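Enquirer: Shown below is the structure under consideration.
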Amino acid sequence: MMDKERQTARDKNRPSISACMIVKNEEKFLSQCLTSIKGAVNEIIIVDTGSTDKTVEIAHSFGASVYHHPWNNSFSEARNHSLKYAKGDWILQIDADEALEQADIPLLQKLINDDLYNVIFVAIYNELPGGYAKHYFQRIFRKGKAHFEGIVHNQLIFEGKALQSEIRFYHYGYNLSGQDMQKKYKRTGDLLRQQLAENPDNLFILANLVRNYRNEYDFDKVIALAENGLEISSSKTDLVSKNQRQRLSIDLAHALLNKNQIDRAVLVCKKALTENSDSFDILLVLGEVFMKKGVYHDALPCFKKYLILKEKENREPAFSLLSSDFYHYEPTVYSHIGECYRHLGQIHEAIVAYKNAIKSNNKNPLYYSNLIDLYLSQDSLNDAKDLAFAAIKSGITNHLTYLLLGKIYALEGKIDDAIDACKQSIRIDNANIPAQVYLINLLIEGHLLEEATETIKNMLSLYPEEFAFLCLLERVKYRKGNRESPLSFVKNILQSDPSDQLIYLQLGDLCMEMEQYTTAIEVLEKYLKNTSSADAKVIANIAVCYAKQGKLKPALFGFQAALKLDPNCRCAVQNLAALKIHA
């Protein structure tokens with residue numbers, strides 16, 4: 001018998017599969033989905049609940065059987081309709097914004113030949129802005145042995161045994177535009193609130209609603225509802241309850257972090273770790289909480305344990321009913337490790353970590369920007385410039401890449417090139433205030449005072465209360481010969497006793513511009529007194545003020561103090577050398 005005939009005989013004896021789907025306005029993803037399953041199933045059943053785009057046309061082009069049913073606010077009802085039309089021995093349930101991994105089709109065809117089980121779990125990878133989440137769900141089941149319940153986030157109710165598998169589905173529906181995601185959350189939230197009103201102690205429904213509130217940035221509701229959910233009596237050994245408790249803990253910690261309730265977030269994470277000490281999600285969130293708290297030495301072990309566990313998981317994937325929101329977040333973790341090492345002054349280790357982030361995901365411009373900025377801080381201009389150009393050449397850039405390139409050019413004395421780079425940064429993101437501020441400073445340094453004035457006025461029309469632009473306007477006035485307005489401006493601000501410490505930093509720069517060194521020292525020292533950590537550049541600027549006044553001893557002490565904090569502080573290095581020569 002020829003190979004083709006053998007294949008035909010095998011196909012004839014193999015159980016058949018019906019792909020069952022529900023859709024509405026899914027033209028964006030549907031072709032990708034149907035292409036992924038076409039070689040795996042015998043028929044495609046689609047229940048359309050009211051599409052007005054090209055969804056139905058696309059479905060017909062793949063030979064799908066399309067049935068029309070009105071939407072009654074119940075995903076389970078619609079899914080169960082699709083099951084009624086299926087003729088196959090097995091059902092493969094898939095959503096339009098998902099795709100089946102082609103390499104896993106032979107495994108799928110092998111597994112449906114066994115009579116020992118009625119349901120097959122698959123691994124679903126959810127694409128998120130920062131990586132991939134992973135959870136297992138029953139997506140393949142024998143016809144007549146299962147049905148769906150629940151109006152949203154429906155659950156499969158089935159008879160008989162289930163098989164665990166690593167057949168991969170990829171879900172792309174959580175990485176849409178902000179506007180599309182908000183519509184999705186609104187629709188889902190309304191259905192979940194309806195469900196929870198009918199079943200107030202259902203932990204699964206409650207956890208899904210909490211997640212929805214988190215996605216809508218309603219952190220007060222997340223905190224209230226999650227704390228209530230964690231008090232609901234449930235078995236800590238029951239995997240379903242354990243999974244929901246873990247999700248509630250993650251979302252609660254995230255909300256507390258965003259509300260700046262750091263210590264409460266730490267307690268929530270530590271308690272969750274007592275239930276699941278190897279949770280990727282809790283380890284990552286706890287590390288981020290420690291970073292927000294500024295205890296980087298405590299954050300590092302969380303991130304390192306994540307990587308150790310993930311390396312083991314990559315070698316031998318372990319089935320678990322516990323979902324993982326941060327299953328494939330190694331690039332983010334490496335980036336966090338880099339930030340921790342940078343704050344701890346371990347620069348070599350920070351560089352290695354940032355490089356690992358790029359190696360893990362070489363398409364994210366943030367990882368390049370982090371490393372470029374670190375090189376800049378260490379005065380490694382060639383490394384910074386090479387990496388910036390490499391990112392730009394590869395098309396992996398954001399507004400920050402060009403802003404950093406502008407800073408590189410400025411340090412090289414190439415003011416025109418620096419201005420052009422900053423303008424490119426602003427073209428990418430015109431609401432980027434740091435880039436606007438840096439550009440205006442460059443225009444002033446380049447004696448382009450009229451353009452600087454026009455830029456400041458344009459920004460003040462958009463941000464009339466933004467102090468940085470008000471301060472820069474006074475700097476331009478001073479450069480144009482107006483001495484009274486800037487002096488009056490500084491006096492009035494100091495009399496108002498502002499609570500925002502950054503104002504003192506900006507006032508210090510203005511006072512140094514006006515050669516008001518005593519006042520500059522006063523405001524810069526006030527800034528240092530009310531900030532949590534010392535700043536080498538600010539200390540060096542204070543030393544410059546003393547040097548300008550001829551007070552060489554405190555100036556020398558200040559430059560040396562700045563270099564202890566940051567051995568690469570450019571201002572301190574250059575001025576200390578000049579001071580020693582002068583001495």
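Just so it is clear: in the sequence shown, position 288 is 288 by the UniProt record's numbering, and no numbers are missing. The beta-carbon is built from N, C-alpha and C at its ideal position, and this holds for glycine as well. What you are looking at is a predicted structure, and each value in this text was computed from that prediction instead of being measured.
#1: Do the CB positions of residue 49 and residue 78 come within less than 8 angstroms of each other?
#2: Would residue 263 pass as an interface residue toward chain D - the criterion being a Cβ-Cβ separation below 8 angstroms?
#3: Rounded to whole angstroms, what is the Cα-Cα separation between residue 256 and residue 159?
#4: Find out if the Cβ-Cβ distance for the pair residue 37, residue 116 is shorter than 8 angstroms.
#5: Under the assumption that residue 90 contacts residue 140 (Cβ atoms under 8 angstroms), give the Cβ distance between them as a whole number of angstroms.
#6: Should residue 365 and residue 401 be called a contact, given that it needs their Cβ atoms to be closer than 8 angstroms?
#7: Pick helix, strand or coil for residue 572, following the three-state DSSP scheme.
#8: Between the Cα of residue 281 and those of 83, 333, 399, spot the shortest distance and give me the residue it belongs to.
#9: Give me the Cα-Cα distance between residue 171 and residue 499, rounded to the nearest whole angstrom.
#10: Looking at the secondary structure, which residues open and close the beta strand (DSSP E) in which residue 138 lies?
#11: Would the beta-carbon of residue 405 fall within 8 angstroms of that of residue 390?
#12: So residue 121 and residue 163 are in contact, right, with Cβ under 8 angstroms, and what is the actual spacing, rounded?
#13: Are residue 371 and residue 354 closer than 8 angstroms when you measure CB to CB?
#14: Between 232, 293, 45, 221, which lies nearest to residue 533 when the distance is taken from Cα to Cα?
#15: If we call anything under 8 angstroms between Cβ atoms a contact, is residue 21 one with residue 114?
#16: For residue 324, does the three-state DSSP call read helix, strand or coil?
#17: Mapping DSSP to helix, strand and coil, what is residue 41?
#18: Cα-Cα, which of 216, 221, 241, 93 is closest to residue 201?
#19: Looking at the unbroken beta strand (DSSP E) that takes in residue 100, where does it start and where does it end?
#20: Note down, in chain order, each residue of its chain lying with its Cβ closer than 6 angstroms to the Cβ of residue 249, except the 5 sequence neighbours on either side.
#21: Going by DSSP, what residues sit across from residue 211 in a beta bridge?
#22: Between which two residues does the beta strand (DSSP E) carrying residue 21 extend?
#23: Taking the alpha-carbon of residue 300 as reference, which of 318, 504, 265, 342 has the nearest alpha-carbon?
#24: Ends of the alpha helix (DSSP H) at residue 67?
#25: Which term fits residue 572, buried or exposed, when burial requires 16 or more other beta carbons within 10 angstroms of its beta carbon?
#26: Could you tell me the alpha carbon to alpha carbon distance between residue 489 and residue 336, rounded to whole angstroms?
#27: Leaving out the 5 sequence neighbours to the left and right, which residues in its chain are closer than 8 angstroms to residue 6 when beta-carbon positions are compared?
#28: Does residue 171 come out as helix, strand or coil in the three-state DSSP assignment?
#29: Once you ignore the five residues that flank residue 219 on each side, which residues in its own chain have a CB closer than 6 angstroms to its CB?
#30: Is DSSP giving residue 2 helix, strand or coil here?
#31: Taking just the CA atoms, how far does residue 491 sit from residue 461?
#32: If we ignore side chains and look at the alpha-carbon of each, how far apart do residue 326 and residue 501 end up?
#33: Do residue 86 and residue 119 have their C-beta atoms closer together than 8 angstroms?
#34: For residue 126, list the residues DSSP reports as bridge partners.
#35: Does residue 8 pass the burial test, meaning 16 or more other C-beta atoms within 10 Å, or should it be called exposed?
#36: Measuring straight from C-alpha to C-alpha, what distance separates residue 457 and residue 466?
Expert: If we stick to the structure as given:
#1: Taking the sequence shown and counting its residues from 1, the one referred to as residue 49 is at position 49. Taking the sequence shown and counting its residues from 1, the one referred to as residue 78 is at position 78. Yes; because the gap between Cβ atoms is below 8 angstroms, this pair is in contact.
#2: Checking the listed chains, one finds no chain D in this structure; it contains a single protein chain.
#3: Counting from 1 along the sequence shown, the entry for residue 256 is found at position 256. Counting from 1 along the sequence shown, the entry for residue 159 is found at position 159. Taking C-alpha positions only, residue 256 is separated from residue 159 by approximately 41 angstroms.
#4: One-based indexing of the sequence shown puts residue 37 at position 37. One-based indexing of the sequence shown puts residue 116 at position 116. For residue 37 and residue 116, no; Cβs fall outside 8 angstroms.
#5: Numbered from 1 along the sequence shown, position 90 holds the residue referred to as residue 90. Numbered from 1 along the sequence shown, position 140 holds the residue referred to as residue 140. Residue 90 to residue 140, Cβ: 6 angstroms. Contact.
#6: The sequence position of residue 365 within the sequence shown is 365, counting from 1. The sequence position of residue 401 within the sequence shown is 401, counting from 1. It is a contact, given that the beta carbons lie within the stated cut-off.
#7: Locating residue 572 in the sequence shown gives position 572, where the first residue counts as 1. DSSP places residue 572 in helix when its eight states are reduced to three.
#8: In the sequence shown, counting from the first residue as 1, residue 281 sits at position 281. Cα-wise, what sits closest to residue 281 is 333.
#9: In the sequence shown, residue 171 corresponds to position 171, counting from 1. In the sequence shown, residue 499 corresponds to position 499, counting from 1. Residue 171 and residue 499 have their alpha carbons spaced roughly 47 angstroms apart.
#10: Sequence index remark: in the sequence shown, residue 138 carries index 138 (1-based). Taken as a continuous stretch (DSSP letters only), the beta strand (DSSP E) holding residue 138 covers 131-142.
#11: Within the sequence shown, numbered from 1, the residue matching residue 405 stands at position 405. Within the sequence shown, numbered from 1, the residue matching residue 390 stands at position 390. In terms of Cβ geometry, residue 405 and residue 390 do not form a close pair [threshold 8 angstroms].
#12: On the sequence shown, residue 121 is found 121 positions in, with the first residue counted as 1. On the sequence shown, residue 163 is found 163 positions in, with the first residue counted as 1. Confirmed, Cβ separation roughly 7 angstroms.
#13: Residue 371 sits at position 371 when you count from the first residue of the sequence shown. Residue 354 sits at position 354 when you count from the first residue of the sequence shown. Cβ distance < 8 angstroms, so residue 371 and residue 354 count as in contact.
#14: In the sequence shown, residue 533 corresponds to position 533, counting from 1. Nearest to residue 533 by alpha-carbon distance, out of 232, 293, 45, 221, is 293.
#15: Along the sequence shown, one-based indexing puts residue 21 at 21. Along the sequence shown, one-based indexing puts residue 114 at 114. No, they are not a contact pair.
#16: Taking the first residue of the sequence shown as 1, we reach residue 324 at position 324. Look at residue 324 here: in three-state DSSP terms it is strand.
#17: As a working mapping, residue 41 is identified with position 41 in the sequence shown. It is coil, neither helix nor strand.
#18: As a first step, residue 201 is located in the sequence shown; it is residue number 201 there, counting from the start. With distances taken between Cα atoms, residue 201 lies closest to 241.
#19: As a first step, residue 100 must be located in the sequence shown, where it is residue number 100. Looking at the DSSP string, the run of the beta strand (DSSP E) that includes residue 100 is 98-100.
#20: Indexing the sequence shown from 1 puts residue 249 at position 249. 268, 272.
#21: The residue given as residue 211 occupies position 211 in the sequence shown. For residue 211, which the question treats as bridged, DSSP gives no partner whatsoever.
#22: On the sequence shown, position 21 is the one that residue 21 refers to. Residues 17-23.
#23: To locate residue 300, count along the sequence shown from 1; it is residue 300. Checked all of 318, 504, 265, 342; the closest Cα to residue 300 is 342.
#24: Stepping through the sequence shown from its first residue, residue 67 is reached at position 67. Taken as a continuous stretch (DSSP letters only), residue 67 belongs to no alpha helix (DSSP H), being part of the beta strand (DSSP E) at 65-68.
#25: As a first step, residue 572 is located in the sequence shown; it is residue number 572 there, counting from the start. Residue 572 comes out buried.
#26: Position 489 of the sequence shown, counted from the start, is the residue given in the question as residue 489. Position 336 of the sequence shown, counted from the start, is the residue given in the question as residue 336. Going from the Cα of residue 489 to the Cα of residue 336 covers about 41 angstroms.
#27: Numbered from its first residue, the sequence shown carries residue 6 at position 6. Note that residue 6 scores 45 on pLDDT, short of 50, meaning its location in the model is unreliable; the coordinates nonetheless yield the value given after this. If we look at residue 6 and ignore the five residues flanking it on each side, it has no Cβ neighbours.
#28: Residue mapping note: residue 171 aligns to position 171 of the sequence shown, counting from 1. Note: residue 171 maps to strand in three-state DSSP.
#29: Position 219 of the sequence shown, counted from the first residue, corresponds to residue 219. The residues are 255, 258, 259.
#30: As a working note, residue 2 is residue 2 in the sequence shown. Only weak support is given to the placement of residue 2: the predicted model assigns it a pLDDT of 46, under 50, and the question is left unresolved by the model.
#31: The sequence position of residue 461 within the sequence shown is 461, counting from 1. The sequence position of residue 491 within the sequence shown is 491, counting from 1. So the two alpha carbons sit approximately 24 angstroms from each other.
#32: The count along the sequence shown starts at 1 and reaches residue 326 at position 326. The count along the sequence shown starts at 1 and reaches residue 501 at position 501. Approximately 36 angstroms, taken between the alpha carbons.
#33: Walking along the sequence shown from the start, residue 86 turns up at place 86. Walking along the sequence shown from the start, residue 119 turns up at place 119. Taking C-beta atoms as the reference points, residue 86 and residue 119 fail to come closer than 8 angstroms.
#34: Position 126 of the sequence shown holds residue 126. According to DSSP, which records beta bridges pairwise, residue 126 is partnered with 133, 171.
#35: Counted from its first residue, the sequence shown places residue 8 at position 8. Confidence is the limiting factor: at residue 8 the pLDDT is only 48, short of 50, which leaves the residue's position unreliable and the question unanswerable from this model.
#36: Along the sequence shown, read from residue 1 onward, the residue named residue 457 stands at position 457. Along the sequence shown, read from residue 1 onward, the residue named residue 466 stands at position 466. Near 11 angstroms, if we compare the C-alpha coordinates of residue 466 and residue 457.
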